[in-house]
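**Student:** Pasting a structure below so you can have a look.
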Amino acid sequence: MIRIGNLTVFPDRREIFVDGSPVELGCRAMDVFLVLIEANGALVTKEKLIDQVWPTTIVVDNNLHVHICWIRKMMGEDRKLLVSVPGRGYRLLRPVQLPHAASIFVDCTDSRRGAQ
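Here the sequence shown is numbered in the working numbering, starting from 22 and rising by one per residue.
Below you can see the structure in the form of C-alpha cells.
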C-alpha cells in the first residue's frame with residue numbers, strides 16, 4: 022500500500038482509492054502512474070515513460086499527455102503533486118514509500134484488456 026495525498030494505491034492489485042472510494046484508471050494510465058511512483062520523486066523523462074509503458078509500440082508524446090491528464094483527473098485536489106517539467110518529463114512530487122524493492126510495473130498486454 023502506498024499513500025499519496027488523499028490516494029491509497031495498491032500496486033500489486035492495481036487498485037486506487039481516493040478518500041477511501043475506489044476509482045477506475047485505464048491500464049496504460051495505471052502503468053504510467055506506477056512508473057512515476059517507482060521513481061520516488063525523481064524526474065521521469067517522457068522517453069523513459071514511453072519505453073516502459075509502450076515497449077513494443079511507436080507512441081507520440083500526445084498519447085502520453087492524454088494518460089497524464091487522466092491521472093491528474095483521478096488525483097483530484099492532489100493533481101498538483103504531478104508536475105510537468107517542460108521538454109523533459111514528469112515528476113510525482115511527494116516521495117512515496119515502496120512496499121518492496123521489487124518493481125511494481127505490470128505489463129498490460131493481456132488481450133482480455135484490449136489496447137489502451
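Even glycine gets a Cβ: it sits at the ideal position worked out from N, Cα and C. As the structure is a computational prediction, the values presented were derived from the model and not from experiment.
Quick one: Cα of M51 to Cα of I92, how far?
**Tutor:** Their backbone Cα atoms lie some 8 Å apart in a straight line.
**Student:** Do you know how far the Cα of F31 is from the Cα of P43?
**Tutor:** Rounded to whole angstroms, P43 to F31 spans 11 Å at the Cα level.
**Student:** Of all the options D72, K67 and K94, which has the alpha carbon lying nearest to the alpha carbon of D82?
**Tutor:** The option with the nearest alpha carbon to D82 is K67.
**Student:** I'd like the span of the beta strand (DSSP E) that includes L113, first residue to last.
**Tutor:** Start and end: G110 to L113.
**Student:** Counting only the same chain and skipping the five closest in sequence on each side, list residues whose C-beta sits under 6 Å from that of F54.
**Tutor:** Cβ within range, chain order: I92.
**Student:** To the nearest angstrom, report how far apart I37 and T78 are at their CA atoms.
**Tutor:** C-alpha separation (whole angstroms): 26 Å.
**Student:** Taking just the CA atoms, how far does T29 sit from K94?
**Tutor:** Cα-Cα distance, rounded: 15 Å.
**Student:** Straight-line CA distance for E59 to G41?
**Tutor:** Near 22 Å, if we compare the C-alpha coordinates of G41 and E59.
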